[in-house]
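Per the working numbering, residue 3 is the first one in the sequence shown, and the count goes up by one each step.
Cβ atoms here follow ideal geometry from the backbone N, Cα and C, with glycine treated the same way.
In this text the structure is predicted, and so the values were computed from the model without any measurement.
Shown next, in structure tokens, is the structure this report addresses.
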Amino acid sequence: IGLHYGLVVAGAIGGSRGRRQTIIGDAVNFAQRIETSNKELGTEFLISQDIYTIVHKHINVRGPFTIAVRGKAGVHILYEVVGLK
């Protein structure tokens with residue numbers, strides 16, 4: 003699991019034969035890249051610094067991990083969620 007917080011565009015796409023709901027945007031792409039980082043870090047549930055800032059009082063984490071995320075400039079801080087407080 004990879005979780006990030008940010009603006010997205012949500013809606014239905016497709017024609018009369020196959021409409022489906024989808025979301026697009028940089029936040030979605032970053033969440034997917036965070037999810038992919040689990041393999042590199044040997045983790046299962048990573049969250050971004052943005053999510054951590056919102057929920058840190060309610061969760062236990064391991065980290066922070068400072069890593070370069072493919073397709074994103076610079077380094078990013080991620081945390082592994084290990085339980086609830």
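Would you say residue i and residue j are within 8 Å of each other, going by their C-beta atoms?
i     : j     : result
Ile79 : Glu37 : no
Ile56 : Leu5  : no
Lys87 : Ile61 : yes
Leu9  : Ala29 : yes
Gly73 : Arg35 : yes
In its own chain, which residues sit with a C-beta less than 8 Å from the C-beta of residue i, not counting the 5 before and 5 after it?
i     : result
Glu46 : Ile3, Asn40 and Glu82
Asn31 : Gly73
If I measure Cβ to Cβ from residue i and keep anything under 6 Å in the same chain, skipping five residues before and after, which residues do I get?
i     : result
Ile25 : Val10 and Ala12
Gly66 : The question names Gly, but residue 66 in the sequence shown is Pro. Ile79 and Tyr81.
Classify residue i as buried or exposed, calling it buried when 16 or more other Cβ atoms lie within 10 Å of its own Cβ.
i     : result
Val1  : With the chain covering only 3 through 87, there is no way to say anything about residue 1.
Ser50 : buried
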